[in-house]
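Chemist: Residue numbers (our numbering): 6 to 151.
(1) Keeping to the same chain, check which residues put their C-beta closer than 6 Å to that of residue 124; ignore five residues upstream and five downstream.
(2) With a threshold of 16 other CB atoms inside 10 Å of the CB of residue 98, please say whether the residue is buried or exposed.
(3) Quick one: complete beta strand (DSSP E) runs, 3+ long, within the stretch 52-129?
(4) Identify every residue that forms a DSSP beta bridge with residue 33.
(5) Please list, in chain order, all residues of the same chain as residue 66 whose beta carbon is under 8 Å from its beta carbon, the five residues on each side excluded.
(6) Just mark residue 41 as buried or exposed, buried being the case when its beta carbon has 16 or more other beta carbons within 10 Å.
(7) Residue 132 by DSSP, collapsed to three states: which one?
(8) Buried or exposed: where does residue 58 fall if 16 or more other Cβ atoms within 10 Å of its Cβ makes it buried?
(9) Comparing C-alpha positions only, which one of 118, 73 and 139 sits nearest to residue 129?
(10) With distance defined between alpha-carbon atoms, name the residue in 61, 101 and 119 nearest to residue 149.
(11) In whole angstroms, what separates the C-alpha of residue 77 from that of residue 135?
(12) Measure the alpha-carbon distance for residue 45 versus residue 120 and round it to whole angstroms.
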């Protein structure tokens, strides 16, 4: 995956954030640390700033309002509070929130529900090297950099 990240970091389509010195603030919500680390590595490689991480939906809601990220990646299935409920709670208080769902295959119905409740898009996890560019395009589109 490192060569893909290096390619994206050197590609003008993806590194505009670095060149313009604009760091979009990101909150990553996922109960799996390796997924949070993977998303963090991908996004920081092209100039995004990770302002926080959450292990469950309640933590994601709390950190969203504490940290005011520009974009949030949200797992669907998490302990304490599911990602869909977290999306609903965030959108109820901030209907401009930019949330991208990150879910495993097989959760398409739940992803649709999350989008109906206010999530902007979704990405299938784990994010494999051949999907990094697609993931970055989705993030850029949601934050409005496209």
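Ideal Cβ placement from N, Cα and C applies to all residues, glycine included.
Modeler: From the atom records:
(1) As a first step, residue 124 must be located in the chain shown, where it is residue number 119. Counting only Cβ-Cβ distances below 6 Å, and skipping sequence neighbours, we find 92, 104 and 106.
(2) Translated into positions along the chain shown, residue 98 becomes position 93. It counts as exposed.
(3) 54-59, 76-80 and 104-109
(4) If you number the chain shown from 1, residue 33 lands on position 28. Assignment of beta-bridge partners to residue 33 by DSSP yields 58 and 78.
(5) In the chain shown, counting from the first residue as 1, residue 66 sits at position 61. These residues qualify, in order along the chain: 86, 91, 94 and 95.
(6) To locate residue 41, count along the chain shown from 1; it is residue 36. Classification for residue 41: buried.
(7) The residue given as residue 132 occupies position 127 in the chain shown. Coil, per DSSP.
(8) Here residue 58 refers to the residue found at position 53 when the chain shown is read from its first residue. Buried, because 16 or more other Cβ atoms sit within 10 Å of the Cβ of residue 58.
(9) Reading the chain shown from its first residue, position 124 is the one you call residue 129. Per the Cα distances, 139.
(10) Here residue 149 corresponds to residue number 144 of the chain shown, with the count starting at 1. Minimum Cα distance to residue 149 is reached at 101.
(11) In the chain shown, residue 77 corresponds to position 72, counting from 1. In the chain shown, residue 135 corresponds to position 130, counting from 1. For residue 77 and residue 135, the distance between alpha carbons rounds to 22 Å.
(12) Residue mapping note: residue 45 aligns to position 40 of the chain shown, counting from 1. Residue mapping note: residue 120 aligns to position 115 of the chain shown, counting from 1. Distance between the alpha carbons of residue 45 and residue 120 is about 23 Å.
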